[in-house]
Amino acid sequence: MPPTDASTTVASIIPEVGSDPVAAVRAGLSYAAVEQVQSHLEAPDALLARTLGISPRTLSRRREQGTRTTGESDRLVLLAEIVGLARRALDGGEGAREWLSTPHSMLGGESPLGHMDTVAGMEEVKKMLYHIEYGMPA
44 MPPTDASTTV ASIIPEVGSD PVAAVRAGLS YAAVEQVQSH LEAPDALLAR
94 TLGISPRTLS RRREQGTRTT GESDRLVLLA EIVGLARRAL DGGEGAREWL
144 STPHSMLGGE SPLGHMDTVA GMEEVKKMLY HIEYGMPA
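Using my numbering, read the sequence shown as starting at 44 and increasing by one per residue.
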């Protein structure tokens with residue numbers, strides 16, 4: 044059964060974002076937000092850190108500190124948006140996780156998660172998911 048729109052929103056993945064993601068990002072999201080996204084992806088720390096544009100050691104320090112910087116929070120919200128889009132386009136969490144972790148020729152043989160170490164890479168992955176969701180040729 045395809046997920047409902049409510050299960051695929053940024054706020055459903057990171058509840059602390061609420062109805063004002065800009066304010067939440069400016070304030071810096073908690074480490075719990077990272078864990079919430081990570082649970083949807085089932086991604087190892089090293090891959091998640093790369094997607095957030097930080098080193099695994101910095102991710103570990105952020106876990107100890109409890110909050111993210113504005114830039115890290117911004118990328119985390121974008122990543123949650125992509126996870127939600129993947130869940131919607133691919134009929135749920137398992138399909139989304141598999142697609143996000145499988146290498147694709149359109150991404151030079153990288154997995155979408157591996158390709159999202161830059162905002163430009165995240166935008167390419169979003170575009171691919173929109174093509175899937177709306178049945179458009181790539």
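Even for Gly, the Cβ is constructed at its ideal location relative to N, Cα and C.
Residues sharing a beta bridge with residue i, DSSP
{"i": "serine 145", "result": "Reading the sequence as shown, one finds threonine at residue 145 and not serine. Threonine 145 is not bridged to any residue."}
{"i": "serine 73", "result": "Thr110"}
Beta carbon of residue i nearer than 8 angstroms to that of residue j
{"i": "lysine 169", "j": "isoleucine 125", "result": "yes"}
{"i": "leucine 128", "j": "leucine 95", "result": "no"}
{"i": "leucine 143", "j": "leucine 84", "result": "yes"}
{"i": "histidine 158", "j": "glutamate 166", "result": "no"}
{"i": "threonine 101", "j": "alanine 89", "result": "no"}
{"i": "glycine 109", "j": "serine 82", "result": "no"}
{"i": "isoleucine 175", "j": "leucine 133", "result": "yes"}
{"i": "valine 77", "j": "arginine 130", "result": "no"}
Status (buried if at least 16 other CB within 10 Å, exposed otherwise) for residue i
{"i": "alanine 123", "result": "buried"}
{"i": "glutamine 79", "result": "buried"}
{"i": "alanine 139", "result": "buried"}
{"i": "methionine 179", "result": "exposed"}
{"i": "valine 65", "result": "exposed"}
{"i": "serine 62", "result": "exposed"}
{"i": "arginine 104", "result": "exposed"}
{"i": "arginine 69", "result": "exposed"}
{"i": "serine 55", "result": "buried"}
Proximity to residue i [Cα-Cα], best of the options
{"i": "threonine 145", "options": "Leu102, Val80, Ala54, Ala86", "result": "Ala86"}
{"i": "glycine 114", "options": "Ser82, Val162, Thr52", "result": "Val162"}
{"i": "glutamate 59", "options": "Leu156, Arg104, Ser116", "result": "Ser116"}
{"i": "glutamate 107", "options": "Gly136, Ala67, Ala75, Leu133", "result": "Ala75"}
{"i": "proline 99", "options": "Asp160, Leu172, Tyr173", "result": "Asp160"}
{"i": "threonine 51", "options": "Tyr173, Gly136, Gly164", "result": "Gly136"}
Short CB-CB distance (under 8 angstroms) between residue i and chain C
{"i": "leucine 128", "result": "Absent here is chain C; the protein component of the structure consists of one chain."}
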